[in-house]
Amino acid sequence: MQLLFKNSSVVGLVLLIMSTASVSGIGPLMTGEIEDGDAQRVEMPRLPGSFHRAIEWMAPEGTEVKPGDLVLKLDPGDLETQQETAEIRIDEEQTSIDSQLASHELSIFDAETNLYRLESALTIAELNAMVPKETIPALTYERNRLALLNATNALKRGISQLENAIFARDEYIPLAESKMDRTRGELDRLSDALEKTEVFAEQPGLIIYAEHPYTGLKIFPGESYSAGTLLLIVASRDVLQFRFWVHESDVRKLELGDTVLVTPDAVGSTAIGTSITWISSQASEREDWSNSGYFEVVTRPSEIIPESFIPGMSVMG
């Protein structure tokens, strides 16, 4: 099913406000449309590489969607290339880490092998030094004592060499893991960004294109928008409300709680009572109307909404 909606800027979308606080009982005319107060709002995500991103595809406006349906696809730009580069970098860094660890393990093995040799040399030197001085020439005796001293010192150096090799390996491991974590984090960031280029419906409803907050023009595929810009909504009839745009010269005539009678264009004379629940504090321009500023006003129904009221419909009063 596909519904066609009129642009909310069409002259003739008027709403009659009956202010409970006004002596005259009649407020300014305003334009607006029906919206889902609990709709899924799809905004332009903040992605790496660019503050602006182009829309590649959007589900046609008015299309009914169900949870899991694709509703928006953004141009990924060079994100896929960056992801591939990050994957290659991970492989290269893992190869480098494996090579460095192998080198450290080899140094430890060499130090251990050398230590075994030094321990054997010390054992022999100790046996030779145990020979009584009276049974061998004095020169041989002194040589044995010197050999024992040298073997003892060599063993100390061997132990220190092994300790240094183990320390170097143990110091390298967390540094390598930290570097790999940063690279994996970059890959995860890019993968997450790529996932955000496709948006799926989280609830059943109708696709309604948003309007640019500064120009008032409809959002459309093929155009680029900045991060945070509302692109579309998936609206249902669960929590309907009404959003209007009021000229800056008229907004002071409105107050929270004012009563509003709303009649949609497409439904003829059907009207319901609503009350103002929110008024924006700052005006924005709508280039398709005029250069003046317009404030947003939200009203909520004070009675049961007819089935004929559908999100996206323009209203009149």
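Numbering (the numbering used here), first residue to last: 601 to 917. Note that beta-carbon positions come from the ideal geometry of N, C-alpha and C, so glycine has one too.
>> Assess contact between the region 677-687 and the region 817-828, defined as three or more Cβ pairs (one per stretch) separated by less than 8 Å. Is contact present?
In response: no
> Based on the DSSP secondary-structure assignment, which residues constitute the bridge partners of E896?
Replying inline: W845
> Would the region 641-657 and the region 835-843 be scored as touching if the rule is three or more Cβ pairs under 8 Å?
Replying inline: As far as the Cβ criterion goes, the region 641-657 does not touch the region 835-843, which means the pair count is below three.
>> Please report the distance separating the alpha-carbon of S892 from that of T815.
In response: 11 Å
> Hey, V897 and V862: beta-carbon distance below 8 Å or not?
Replying inline: no
> Could you give the C-beta distance for I940 and T899, rounded to a whole number, given that I count them as a contact under 8 Å?
Replying inline: Past the boundaries of the shown model lies residue 940; the chain is included only from 601 to 917, so the question cannot be answered.
> A801 to I773, Cα distance in whole Å?
Replying inline: Straight-line Cα distance between these residues: approximately 44 Å.
> CA-CA distance, K673 and R886?
Replying inline: Counting only the Cα atoms, R886 lies some 26 Å from K673.
>> My assumption, with CB atoms under 8 Å, is that M644 sits in contact with T829. Please give the rounded CB distance.
In response: Contact holds; Cβ gap of about 5 Å.
>> Can you tell me where the beta strand (DSSP E) holding H704 begins and where it ends?
In response: First-last for H704: L679 to A729, but that is the alpha helix (DSSP H), not the beta strand (DSSP E).
> Is it right to say N764 is buried, meaning 16 or more other beta carbons lie within 10 angstroms of its own, or is it exposed?
Replying inline: exposed
> Among residues of its own chain, excluding the 5 on either side of V642, which ones have a beta-carbon nearer than 6 Å to its beta-carbon?
Replying inline: L672, V799, L831 and L832
>> So, with DSSP's three-state summary, where would you put S760?
In response: helix
> Along the chain, where does the beta strand (DSSP E) that runs through Y809 open and close?
Replying inline: Looking at the DSSP string, the run of the beta strand (DSSP E) that includes Y809 is G805 to Y809.
> Among R646, L701 and G912, which has the Cα closest to the Cα of E811?
Replying inline: Closest by alpha carbon: G912.
>> Between which two residues does the beta strand (DSSP E) holding E633 run?
In response: It spans T631 to D636 - the beta strand (DSSP E) in which E633 sits, taken as one unbroken run.
>> Under DSSP, the beta strand (DSSP E) around Q918 begins and ends at which residues?
In response: No information on residue 918 is available, as it lies outside the stretch 601 to 917 that the chain covers here.
> Any idea what DSSP makes of S624, helix, strand or coil?
Replying inline: Unreliable placement is indicated for S624, whose pLDDT of 43 sits below 50; no coordinate value is reported for it.
> In the structure shown, what three-state DSSP assignment does F800 receive?
Replying inline: strand
> If you follow the beta strand (DSSP E) that M658 is part of, which residue opens it and which one closes it?
Replying inline: H652 to M658
>> So A639 and G805 are supposed to be a Cβ contact under 8 Å. How far apart are they, rounded?
In response: 7 Å
>> Could you check whether T752 and A686 sit closer than 8 Å to each other, using their CB atoms as the reference points?
In response: no
> DSSP on V839, reduced to helix/strand/coil?
Replying inline: coil
> Does any CB atom of chain D fall closer than 8 Å to the CB of E692?
Replying inline: Any reference to chain D falls outside this structure, which holds one protein chain only.
> For L727, which residues from the same chain have a beta carbon less than 7 Å from its beta carbon, with the 5 sequence-adjacent residues on both sides left out?
Replying inline: none
> Roughly how many whole angstroms lie between the Cα atoms of F909 and E656?
Replying inline: 31 Å
> How is G873 classed by DSSP in three states: helix, strand or coil?
Replying inline: Strand at G873.
> Straight-line CA distance for L748 to Q761?
Replying inline: 20 Å
>> Please report the distance separating the alpha-carbon of E661 from that of Q841.
In response: 19 Å
> If you drop the 5 nearest sequence neighbours on each side, which residues of the same chain put their C-beta closer than 8 Å to that of Q682?
Replying inline: P648, G649 and L790
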